[in-house]
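So the sequence shown is numbered by the working numbering: it starts at 92 and just counts up by one. We treat Cβ as the ideally placed atom computed from N, Cα and C, and that holds for glycine. Worksheet: the structure to be examined is printed underneath.
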Amino acid sequence: LARVLELCARSPALKVLKLFKNRLDDSAVPELIALMERCPGIREVHLSHNRLTGDGITQMVEAVSQSRPKRSEPLWLRVENNACQTQAQLLWDLEQRFSVCPRRPSCSQFTCCMGCKVHL
């Protein structure tokens, strides 16, 4: 993973990162956060079907909520089907604590009707 993310970080124009079905767990979170911070224009990070827990997902959402520029496109963070037992509860909690939207029908892929920084 480190080599892949190192290569990705060399491309500040990176828009999409697909790492689904790679058995990634929370140990990958610091490197993923670093990449998302180095590439503030990234639009999509696909991490579904991995082994991330609610704690790891929360760490990423918190970092993106703090570092993503205001009025930028929301980051579409795909984290479904991970090692989080209560996904609905986690989504509700993240919406309350951070700039998170579950991608409502009035949102598009690159805009958020609520002005949030993260789409889950």
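Quiz prompt | DSSP beta-bridge partners of LEU108 | solution = VAL136
Practice problem: Output the distance between the C-alpha atoms of LYS106 and ALA179, rounded to the nearest integer angstrom. | Solution: 27 Å
Quiz prompt | Straight-line Cα distance separating LEU123 from LEU96 | solution = 8 Å
Quiz prompt | Run of the beta strand (DSSP E) containing ARG94, from where it starts to where it stops | solution = Per DSSP, ARG94 belongs to no beta strand (DSSP E); it is in the alpha helix (DSSP H), 93 to 100.
Quiz prompt | Beta-carbon spacing of CYS207, CYS192 below 9 Å | solution = yes
Quiz prompt | Contacting residues, own chain, Cβ-Cβ under 7 Å from GLU153 (five flanking each side not counted) | solution = Closer than 7 Å at the Cβ level, and outside the excluded window around GLU153, lie PHE189.
Quiz prompt | Boundaries of the alpha helix (DSSP H) in which ARG129 is found, first to last residue | solution = 120 to 129
Quiz prompt | Selected residue, minimal CA-CA separation from ALA125, among ARG142, THR202, GLN157 | solution = Comparing Cα-Cα distances from ALA125 to each of ARG142, THR202, GLN157, the minimum goes to GLN157.
Exercise. Express the C-alpha separation of ILE133 and LEU168 in angstroms, rounding to a whole number.
Key: Each residue's alpha carbon lies about 10 Å from the other.
Exercise. Run the CB neighbour count on LEU92, radius 10 Å, all protein chains shown included, and call it buried at 16 or more, exposed below.
Key: exposed
Quiz item: If you scan the region 132 to 184 from start to end, which runs of the alpha helix (DSSP H) of 4 or more residues do you find wholly inside it?
Solution: Listed in chain order, the complete alpha helix (DSSP H) runs (minimum 4 residues) inside the region 132 to 184 are 145 to 158.
Practice problem: Count the other C-beta atoms from every protein chain shown that fall within 10 angstroms of the C-beta of ARG159, then say buried if there are 16 or more, exposed otherwise. | Solution: Around the beta carbon of ARG159, a 10 Å sphere encloses 16 or more other beta carbons of the protein chains shown; the residue is thus reported as buried.
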